[in-house]
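Just below is one structure, and these are the notes that go with it.
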Amino acid sequence: MQLIAFRVFNHRHYGTKLRGNNDKDYIGSLKFENTGITMGYEELFPPANMAWSGHAAKRFGSPFVDVFTDRIDVDPIILSHAAVATGYTIRDFYEKPELGIHCVSYISEMYDLLPVTHWFFSLPWVTELGLTLEYKETLPPISTGPIISEPEEVDKLEVASMSDLRKGWTYPMYKRIYDYVGANLAQTLVPISYGFDLVGAPGELCGVENLIMWTFTDPDVVDKLIDVYVDTSVNGAKCMAEDFGFAMLIVGSVLANNDIFDDASVEKFSAKKMRDYVNKSFRGGAGPQLFYHFCGNHETSYKVFKDNLVWSPLTVTHIGYSGQNVFPSDVLRQEFENVTTCMGSVDTKLMINPNPVKVYEQSKEQLLKGRDSKKGYILGSSCECPPYTIPGCMHAMVKAAQDYGTYGTW
Numbered sequence: 097m098q099l100i101a102f103r104v105f106n107h108r109h110y111g112t113k114l115r116g117n118n119d120k121d122y123i124g125s126l127k128f129e130n131t132g133i134t135m136g137y138e139e140l141f142p143p144a145n146m147a148w149s150g151h152a153a154k155r156f157g158s159p160f161v162d163v164f165t166d167r168i169d170v171d172p173i174i175l176s177h178a179a180v181a182t183g184y185t186i187r188d189f190y191e192k193p194e195l196g197i198h199c200v201s202y203i204s205e206m207y208d209l210l211p212v213t214h215w216f217f218s219l220p221w222v223t224e225l226g227l228t229l230e231y232k233e234t235l236p237p238i239s240t241g242p243i244i245s246e247p248e249e250v251d252k253l254e255v256a257s258m259s260d261l262r263k264g265w266t267y268p269m270y271k272r273i274y275d276y277v278g279a280n281l282a283q284t285l286v287p288i289s290y291g292f293d294l295v296g297a298p299g300e301l302c303g304v305e306n307l308i309m310w311t312f313t314d315p316d317v318v319d320k321l322i323d324v325y326v327d328t329s330v331n332g333a334k335c336m337a338e339d340f341g342f343a344m345l346i347v348g349s350v351l352a353n354n355d356i357f358d359d360a361s362v363e364k365f366s367a368k369k370m371r372d373y374v375n376k377s378f379r380g381g382a383g384p385q386l387f388y389h390f391c392g393n394h395e396t397s398y399k400v401f402k403d404n405l406v407w408s409p410l411t412v413t414h415i416g417y418s419g420q421n422v423f424p425s426d427v428l429r430q431e432f433e434n435v436t437t438c439m440g441s442v443d444t445k446l447m448i449n450p451n452p453v454k455v456y457e458q459s460k461e462q463l464l465k466g467r468d469s470k471k472g473y474i475l476g477s478s479c480e481c482p483p484y485t486i487p488g489c490m491h492a493m494v495k496a497a498q499d500y501g502t503y504g505t506w
């Protein structure tokens, strides 16, 4: 979900309401208990291989510039697995963001993935709307509970302004992260702003059960609730663009999938809201890089997106599942290849199955179905790479891309 060629080739250098912080959390550094030693996170990792980084950047840029490099890229959406694979914990990844994003850079080189750093969780901007999040040992920050119980309470919600966000929790953290990347990993710098799940995140404000029920009983209330979150997320994108220049946008349809909603509801509450988010963010200076992530089962709802969304020349589109199976890359290609780079899926369940050949075979199948997409193809996992992904399975995914991920019809 960290896709952008523009920034890789044109990087720049840059010299609350959350429970669970403790005195072991040092901004940009790690304290070793009982030693009195504090080290900057950048001191914990060997220098990046700049030759690899340059080659990987060219490979990543292939779909956008039509100069193809060795093979199709692999993006297994690595988040906390990067911390686990380097000896830290899932909680470390989220509670110490600079450490987490440095782990992503290091592991991306180790696995030969994208040369782009990213760090995120599923509930950005909700603290500024009144929600309280808390850290967990094996999860990203999660809500302590909804703050709205009745439909009429939605009218009291107000969009968080850019000023509100700059004084809040979410945006200062993202600015900190990308300032750190600019100072220590500038070759990987891609500032990213997240709208992410425009239905699921506001659903946390009222409780997901209430939100689903209100789509039937009070759809106007759901519209208002989502709009407040959309406009707050737009202001987040504007802050990022104001401070870092062009900012990539990641936005998804996660809760709004066919396991919960019919196609018309996915279109009304998700696709059209995603268009609104991207349109307003672009007009505020963000973009033109886009990553659309349709998580979960979009067996039929995938058809509502093409005619509703904004498409830029630097867009990647990813769909996780069709029913219980990974979304087939030939269907993804048929629907979207004229407007976007397509990102196919390997089932995340396979990544923790000690049987690398299954990962290899599914990767091969998806590559053969999608590799000739007109605007390029990327091989990904169906959602976030599981924290305890087996390295042998990751290697199998990359090996399949090496063996079958070539451009042009064979």
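To convert, take the position in the sequence shown, counting from 1, and add 96; that gives this note's numbering.
Positions of the beta carbon are idealized from the N, C-alpha and C atoms, including for glycine.
Item                                                                                                                  : Value
Bridge partner(s) assigned by DSSP for T411                                                                           : L386
Cβ distance (whole Å) where F156 is taken to contact D166 below 8 Å                                                   : In fact, because the Cβ distance is near 11 Å, the residues do not count as touching under 8 Å.
Extent of the continuous beta strand (DSSP E) to which S477 belongs                                                   : 473-477
Residue of S259, P483, W265, S329 minimising C-alpha distance to E230                                                 : W265
Pair within 9 Å by beta-carbon distance, L294 and Y373                                                                : yes
As assigned by DSSP and simplified to three states, the class of V317                                                 : helix
Distance between beta carbons of L281 and T182, contact taken as under 8 Å                                            : Not a contact, Cβ separation roughly 14 Å.
Expected contact under 8 Å - CB spacing of F160 and H198 to nearest Å                                                 : In fact, because the Cβ distance is near 26 Å, the residues do not count as touching under 8 Å.
Contact check, N331 vs S257, beta carbons under 9 Å                                                                   : yes
8 Å CB neighbourhood of V491 in its chain, flanking five on each side removed                                         : The residue asked about is misnamed: residue 491 is His in this sequence, not Val. Around H491: Y207, P452.
Close Cβ partners of D339 (< 7 Å) along its chain, the five nearest in sequence each way excluded                     : K271
Cα-Cα separation, L345 to E457                                                                                        : 32 Å
Alpha carbon of Q385 to alpha carbon of T411, nearest angstrom                                                        : 6 Å
Nearest candidate by alpha-carbon position, reference G136, set Y276, N306, V400                                      : Y276
V494 versus M447: straight-line alpha-carbon distance, rounded                                                        : 12 Å
Contact the stretch 365-372 vs the stretch 319-326: 3+ CB pairs below 8 Å                                             : yes
Spatially closest choice to E433 from G341, H414, K192, K232, by CA coordinates                                       : H414
The ligand ADP heavy atom lying under 8 Å from the CB of K402                                                         : Questions concerning the ligand ADP fall outside what the structure shown contains, since it holds no ligand whatsoever.
C-alpha gap between S259 and C335, whole angstroms                                                                    : 9 Å
Same chain only: Cβ atoms within 7 Å of V455, ignoring 5 sequence neighbours per side                                 : V442, L446, M447, C489, A492, M493
Segment contact flag, the stretch 298-312 with the stretch 375-385, C-beta cutoff 8 Å, min 3 pairs                    : no
At least three beta-carbon pairs within less than 8 Å, the stretch 220-239 to the stretch 188-197                     : yes
Limits of the unbroken beta strand (DSSP E) element including T437                                                    : 437-442
As assigned by DSSP and simplified to three states, the class of G183                                                 : coil
Proximity of G278 and L351 at Cβ, strictly below 9 Å                                                                  : no
Which of helix, strand or coil DSSP assigns to S418                                                                   : strand
I173, DSSP secondary structure in three states                                                                        : coil
Residues of its chain near T444, where Cβ-Cβ distance is below 8 Å and the 5 sequence neighbours each way are ignored : S477, S478, C479, E480, C481, P482
Per DSSP, the bridge partner or partners of Y290                                                                      : I346
Buried versus exposed call for S361 [16 or more other C-beta atoms within 10 Å across all chains shown]               : buried
Pair within 9 Å by beta-carbon distance, G299 and S329                                                                : no
Beta-carbon proximity of L210 to D162, cut-off 9 Å                                                                    : no
Local conformation of I273 per DSSP, three classes                                                                    : helix
Option nearest P409 by Cα separation, candidates K470, V427, P220, G440                                               : K470
Rounded C-alpha distance that separates I273 from K154                                                                : 24 Å
C-alpha gap between W95 and A152, whole angstroms                                                                     : This structure does not reach residue 95, given that the chain is present from 97 up to 506, and the question cannot be answered.
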